[in-house]
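Enquirer: The listed protein sequences correspond, in order, to chains A and B. Using my numbering, the first residue of the first sequence is number 3, and each one after it goes up by one. Using my numbering, the first residue of the second sequence is number 203, and each one after it goes up by one. C-beta atoms are modelled at their ideal positions from N, C-alpha and C, and glycine is treated no differently.
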Amino acid sequence: MQRCKLLKCASAVAANNTPFIDREEKARTLCGKCMTIVLTDARVAQVTKLIIVVAMLGWCAPTPAHHVLGRPAYSLNEDSNTPPSMQVEVQIGEYLISYMVFPAFPRPNVPGRINLYAYHLDTDEPLTGKVTFKVREDGWFADSEEEVIGTQLPDDNVYRQGFVFKEDGNYIITAAFEADNTPYLVDFPLPVGNTTPIGLLGVVIAILGAVLLGVSIAQRKRLARAKVRTARQADTLDARSSNDMGEL
Amino acid sequence: MMHPGLPPGWAALVGVAVVVLSLRTLVALRKPTIEPQVRRAAHSAPGTIMRHVTALGPWLLLLKIALVALFLLIVTAGLFGTPIPERNLATALTWNIWWAGLILTIFFVGSFWCAVCPWDTLAGWLVRRRLVRRAPTNNSLNLRVPRIIRSVWPALLLFIGLTWLELGTGLTTNPRATAILGLAMVVMATVSLALFERKAFCRYFCPVGRTIGFYSQLAPVELRPADIEVCARCTSLECYHGTDRVEPCPTHLAMGRLTENTYCTSCGNCVSSCPSENVVWRLRPPSIEAVQNARPHWDEACFLLALLALAGFHGITMLPLWEEGISSFARLVGDSGTLLLSFSIALLAGLAVPTMLYSGAVAATRRIAGIAVEYKQLFSGLAFVALPLAFTYHLAHNLGHVVRESAGIWTLVFNPLGAGMQPLSVAEKQARHMDLLIRPELLFTLQAGLILFGFWVALQVLRHRGQRLLPGGVLAGFTLLPMILLAIAFTGFHLWLLMQPMMMRL
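1. Within 8 Å of any Cβ in chain A, is that where the Cβ of B/Phe310 sits?
2. So, does the region 441–449 of chain B touch the region 523–537 of chain B, judging by three or more C-beta pairs under 8 Å?
3. Measure how close the beta-carbons of B/Leu645 and B/Leu682 come, nearest whole angstrom, since I'm counting them as under 8 Å.
4. How would you call A/Pro74, buried or exposed, if buried means at least 16 neighbouring beta carbons within 10 angstroms?
5. If A/Glu148 and A/Thr176 are in contact, beta carbons under 8 Å, what's the gap, nearest whole angstrom?
6. Can you list, in chain order, the residues of its chain whose CB lies under 6 Å from that of B/Ala563, leaving out five sequence neighbours each side?
7. Tell me which residues of the region 146–166 of chain A have at least one Cβ-Cβ distance to chain B shorter than 7 Å, keeping chain order.
8. Using three-state DSSP, classify B/Tyr406 as helix, strand or coil.
9. What does A/Ile53 reach in chain B if we use C-beta pairs closer than 7 Å?
10. If the cut is a Cβ gap below 7 Å, which residues of chain A does B/Ala396 touch?
11. Is the region 626–645 of chain B close to the region 553–563 of chain B, with three or more CB pairs under 8 Å?
12. For the putative contact between B/Leu591 and B/Gln649, defined by C-beta atoms under 8 Å, what is the C-beta separation to the nearest angstrom?
13. Taking buried to mean at least 16 other C-beta atoms within 10 Å of its own C-beta, is B/Gly211 buried or exposed?
14. Buried or exposed: where does B/Gly280 fall if 16 or more other Cβ atoms within 10 Å of its Cβ makes it buried?
15. Is there a Cβ of chain A sitting closer than 8 Å to that of B/Ser468, yes or no?
16. Taking only runs that begin and end inside the region 303–359 of chain B, name each unbroken alpha helix (DSSP H) of 4 or more residues, in chain order.
17. Kindly list, in the order they appear in chain B, the residues whose Cβ is closer than 8 Å to that of A/Leu187.
18. Can you tell me whether B/His599 is helix, strand or coil according to DSSP?
19. Using a Cβ-Cβ cutoff of 8 Å, what residues of the region 519–534 of chain B are near chain A? List them in chain order.
20. With H, G and I counted as helix, E and B as strand and the rest as coil, what does DSSP make of B/Tyr465?
21. Nearest chain B C-beta to A/Ile175 closer than 8 Å, yes or no?
22. From what residue to what residue does the beta strand (DSSP E) around A/Ile175 run?
23. Please name the residue, chosen from B/Pro618, B/Pro450, B/Glu502, that lies closest to B/His352 on a Cα-to-Cα basis.
24. How would you call A/Asp157, buried or exposed, if buried means at least 16 neighbouring beta carbons within 10 angstroms?
25. What are the boundary residues of the alpha helix (DSSP H) that B/Val663 is part of?
26. Between which two residues does the alpha helix (DSSP H) holding B/Ala565 run?
27. Taking 8 Å as the CB-CB cut-off, is B/Ser538 touching chain A?
28. According to DSSP, simplified to helix, strand and coil, what is B/Gln702?
29. If contact means a Cβ-Cβ distance below 8 Å, which residues of the region 324–349 of chain B contact chain A?
30. With respect to the alpha helix (DSSP H) encompassing B/Gln632, which residues constitute its N-terminal and C-terminal limits?
31. For A/Phe179, which residues in the same chain have their Cβ closer than 6 Å to its Cβ, ignoring the five residues on either side in sequence?
32. Does any C-beta atom of chain A lie closer than 8 Å to the C-beta of B/Arg670?
33. Applying a beta-carbon distance threshold of less than 8 Å, which residues of chain E neighbour B/Arg486?
34. Count the C-beta pairs between the region 619–637 of chain B and the region 650–657 of chain B that are closer than 8 Å, then say yes if the count reaches three, no if not.
35. How about B/Tyr406 and B/Pro356: do their beta carbons lie closer than 8 Å?
36. Which chain A residues sit within Cβ distance under 9 Å of B/Gln494?
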C-alpha cells in the first residue's frame with residue numbers, strides 16, 4: 003500500500019491514530035471520523051474532476067450545419083402564397099381563430115392583407131358565415147371611433163381582407179361574426195410602421211427621478227432637522243453650564 | 203418546432219438506478235449515520251480566481267460595466283427593435299441564453315451572478331452616485347424593512363408573478379415586454395435601495411436572486427472564513443459593518459456565523475474588508491449545505507416547494523399536450539381570448555398539487571415515526587429534499603434549451619435590433635433545430651446524469667435530515683418511506699417530462 007503523507011485521518015480522531023496505515027488495535031474507538039474525513043476529501047477531488055470533465059465536454063465539436071433550401075424572403079410580398087407573416091391564435095367560445103398579417107410588419111401606404119381562419123373546436127368545421135373587419139386606434143388617449151374595412155365571405159375556408167394604412171401607429175383590428183345565434187368579437191393588435199415607445203421610457207425616467215428627488219429632499223430635511231437638534235442641544239448645554247457657573 | 207425527448211433507454215437506466223439507490227438507502231437507514239466532517243480545499247483554483255475577481259475592484263467594476271452595457275442594449279433592442287422574437291437580441295439573449303444559462307452557472311460558481319447583476323448595479327449607481335468605494339449613507343432613507351415582509355414571501359410572490367408573465371402572457375416572445383420587465387426590475391431595485399437600508403431588494407424581493415440563493419446551497423463553491431477562530435476573536439466585524447472604503451454586507455451577514463449560501467450575493471465586500479484576510483472562496487461537496495448545514499425555516503421551505511412545483515409546471519407548459527389540455531379546460535370554465543384565466547387556475551393547481559403531495563408525505567412520515575415531532579418542524583426540515591430535485595430538473599431542462607436554441611445568436615450580436623429581418627422560415631427553424639451546440643448523445647447523458655444526481659442528493663438529504671429531526675437516533679427502517687416514495691415520484695415525473703418532445707422557446 004502506498005504510504006499516505008496527509009495523515010488527515012490522524013488529525014480527525016482521538017489519540018492521534020492513523021487507522022488507514024497503522025491497523026493495530028491501539029486505543030480504537032470505532033468512531034468512524036477517520037472514514038468520513040478520507041471519504042469527503044476524496045469526494046471533493048471526485049467532484050472537481052467531474053466539473054473539469056463536464057466543462058471539457060462542453061467544448062465538443064458541434065454537429066455539421068445543414069443546407070437551407072427554399073425561397074428567399076425578399077422575393078415575397080403580400081400576394082405570395084407563403085409570404086412572411088405574423089400569426090396570432092386565440093380561442094373564443096366554440097371557435098379557434100387564427101389570424102395572420104402580411105407582410106409581417108406593415109408600413110404606411112404599402113398594401114397588406116389579413117387572413118383569418120375560424121374552426122369549430124369540437125367538429126373542426128370551418129366557419130361559413132360573413133366576417134366583418136373593423137379598425138380603431140390603440141392607446142389610452144386614442145380615438146375610439148371604429149371604421150369598417152370590409153365584410154368578407156370565406157374563400158377556401160380563409161377570410162381575406164386587404165388594407166392600406168396612411169399613417170404609422172398602433173391599431174386594433176376587430177373581426178366580428180355570428181355563429182349559432184351568438185355574436186363573436188375578436189380584437190387583434192396591428193402595429194403599422196415605426197411606433198417608438200418613447201412614452202414608456204419617459205414613465206420609467208419619471209418614476210426614477212421622482213423617487214430619487216423625493217429621497218434627496220427627505221434626506222436634506224432630515225439632515226437639517228438633525229443640525230437644528232444638535233444646535234439646540236448645544237445651546238441647552240451651554241445655558242446649563244452657564245447657570246451652573248452662575249450658581250457657583 | 204419540437205425537440206426530441208430523452209430516449210426511453212436512458213430513462214430505463216435512470217429508473218433502475220433510482221430503485222437500487224432507494225433500496226440501498228432503506229437498508230442504510232437501519233444503521234446510524236455519521237455526520238460527515240468536511241474539510242474544504244481553502245485555496246482551490248476556482249476559488250483563487252473568484253477571490254481575485256471579487257476582491258480586486260477594477261475587475262469587478264469592468265465586469266459590471268460590461269453587463270450594464272449589455273443590459274441597456276437589450277432594453278434598447280426590446281423597445282426599438284423588431285418585434286420578431288427570434289430576431290431580436292432582447293428576447294433571444296434574455297430567455298434563450300441568460301435565463302436558461304443562469305441556472306447552469308450556479309452549478310459552477312454559485313451566486314456569482316448576483317455580484318455583477320446589472321439591475322442592482324444600475325440601482326447602486328443611481329442612488330449611491332459612486333462607481334467604486336463606499337458611498338455616504340445619506341443618499342438613501344435607510345429605513346428598516348417592515349417586519350411583515352422580512353422573509354422570502356415577497357420574493358416568492360414575485361417569482362410566481364414572473365412565471366405567470368413568462369408562461370401565461372407570452373413574455374418570452376415579446377421583445378418589448380421583455381425590455382419593460384427589465385426596466386421594472388431596475389425601478390424596483392432603485393426604489394428599494396433609495397428607501398431601505400443596505401440591499402433589501404436582493405435579500406427580500408428579487409425572485410431571481412432568491413432562486414439563485416437557494417440553488418446555491420447545492421453549488422460546489424462557498425465564501426467562508428478560512429479560520430473560524432479568527433472570526434470568533436474578531437470584535438470589529440468589518441465584514442458586517444464595512445470599512446471607510448468598503449460597503450458593508452448587503453444582506454446583513456456576519457462571516458463568523460455564515461453557514462449557508464442562501465443570502466450571500468458573492469459581492470466580495472467581506473473579502474475586501476476583512477483586516478485578517480480571513481475570508482476565502484473554497485470548494486466543497488456540492489450537496490453538503492442542503493444535506494446538513496442549512497437551517498430550516500417555514501417561509502424558505504415554501505419557497506423550495508414552489509421551486510419544485512414551478513420547475514415541473516414550466517416543463518408541462520412546453521409539452522404538445524398542454525395546448526390541447528388548456529384549450530379544453532378553457533371551454534370548461536368559459537374562458538376566451540388568450541386564456542389567461544385558465545392559465546392562472548392551472549398555475550395555482552401546479553403549485554398546489556406538489557405542495558399537497560409533500561404535506562401528505564410529511565404527515566405520513568410523522569404518523570409512521572409515532573413520535574411527537576411538531577409537524578411544522580418536520581415540514582420545514584425535510585423540505586430541503588425539494589431543492590436537488592428542482593435544481594437538477596431545471597438544469598436538465600434548461601440544458602436542452604441552451605444546447606438546441608443557441609444557434610444563430612451570433613447573428614444577433616451584429617444586428618441586435620433585427621433591422622430589416624423577417625421571421626424565421628420553416629427551413630431556417632429546421633436548420634437551427636439540427637445545429638446543436640453539443641452532440642445529442644452527450645446531451646442525453648448529461649440530462650440523465652443530472653436527474654440521477656438530484657435523486658441521490660435528495661436521498662442524502664432525507665437520510666441526514668431525517669436522522670436529525672426524528673428523535674431516537676437510529677431510524678427504524680421504513681420511517682422515511684413516504685418521503686422516499688415522494689422523491690421517486692418526482693424523479694419519475696421529471697424523467698417523463700424530459701422524455702416528451704418539447705416545444706422550442708422561440
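Expert: Looking at the coordinates:
1. Yes - at least one Cβ of chain A is within 8 Å of the one on B/Phe310.
2. Under the 8 Å Cβ criterion, the region 441–449 of chain B does not count as touching the region 523–537 of chain B, having fewer than three qualifying pairs.
3. Taking a contact as a CB-CB distance under 8 Å, the pair B/Leu645 and B/Leu682 does not count as one, their CB atoms being some 33 Å apart.
4. With a pLDDT of only 45 at A/Pro74, under the threshold of 50, the placement of this residue in the model should not be trusted, and no figure is reported.
5. That belief holds up - the Cβ atoms of A/Glu148 and A/Thr176 are roughly 7 Å apart, short of 8 Å.
6. Residues of the same chain with a CB within less than 6 Å of the CB of B/Ala563, apart from the 5 flanking positions on each side, are Pro684, Met685, Leu688 in chain order.
7. Contact annotation: in the region 146–166 of chain A, no residue has its CB less than 7 Å from a CB in chain B.
8. Correct three-state label for B/Tyr406: helix.
9. Within 7 Å Cβ-Cβ: Phe310, Pro422.
10. Neighbours of B/Ala396 on chain A, chain order: Val213, Leu214, Val217.
11. Of all C-beta pairs linking the region 626–645 of chain B to the region 553–563 of chain B, fewer than three are shorter than 8 Å, placing the two stretches out of contact.
12. So it is not a contact: roughly 14 Å between Cβ atoms.
13. It is exposed - the Cβ of B/Gly211 has fewer than 16 other Cβ atoms within 10 Å.
14. By the neighbour-count rule (16 or more Cβ atoms within 10 Å), B/Gly280 is buried.
15. With respect to chain A, the C-beta atom of B/Ser468 has no partner C-beta closer than 8 Å.
16. DSSP runs (the alpha helix (DSSP H)) wholly in the region 303–359 of chain B: 314–317, 320–330.
17. At a C-beta separation below 8 Å, A/Leu187 has no neighbours in chain B, since its nearest C-beta there lies roughly 10 Å away.
18. In the structure shown, B/His599 sits in a helix (DSSP, three-state: H, G or I).
19. Residues of the region 519–534 of chain B with a C-beta less than 8 Å from any C-beta of chain A: Ser529, Ala532, Arg533, listed in chain order.
20. Note: B/Tyr465 maps to coil in three-state DSSP.
21. Judged by the 8 Å Cβ criterion, A/Ile175 is not in contact with chain B.
22. Its beta strand (DSSP E) spans residues 171–181.
23. One detail in the question is off: residue 352 of chain B reads as Arg in this sequence, not His. Of the candidates B/Pro618, B/Pro450, B/Glu502, the residue whose Cα lies closest to the Cα of B/Arg352 is B/Glu502.
24. Residue burial is scored here from C-beta neighbours: A/Asp157 has fewer than 16 other C-beta atoms within 10 angstroms and is therefore classed as exposed.
25. Element bounds for B/Val663: 642–671.
26. Counting along the chain, the alpha helix (DSSP H) containing B/Ala565 begins and ends at 542–571.
27. So yes, B/Ser538 belongs to the interface.
28. Look at B/Gln702 here: in three-state DSSP terms it is coil, with no helix or strand label.
29. Listed in chain order, the positions of the region 324–349 of chain B with a beta carbon within less than 8 Å of a beta carbon of chain A are Leu328, Val329, Asn340, Asn341, Ser342, Leu343.
30. B/Gln632 -> alpha helix (DSSP H) spans 628–636.
31. Taken in chain order, the residues that qualify are Gly131, Val133, Tyr186.
32. For B/Arg670, the answer is no, since every Cβ of chain A falls outside 8 Å of its Cβ.
33. No chain E is part of this structure, whose protein chains are labelled A and B.
34. Short answer: they don't touch.
35. Closer than 8 Å, so yes.
36. Listed along the chain, the chain A residues whose CB falls inside 9 Å of the CB of B/Gln494 amount to none; the nearest CB is some 12 Å away.
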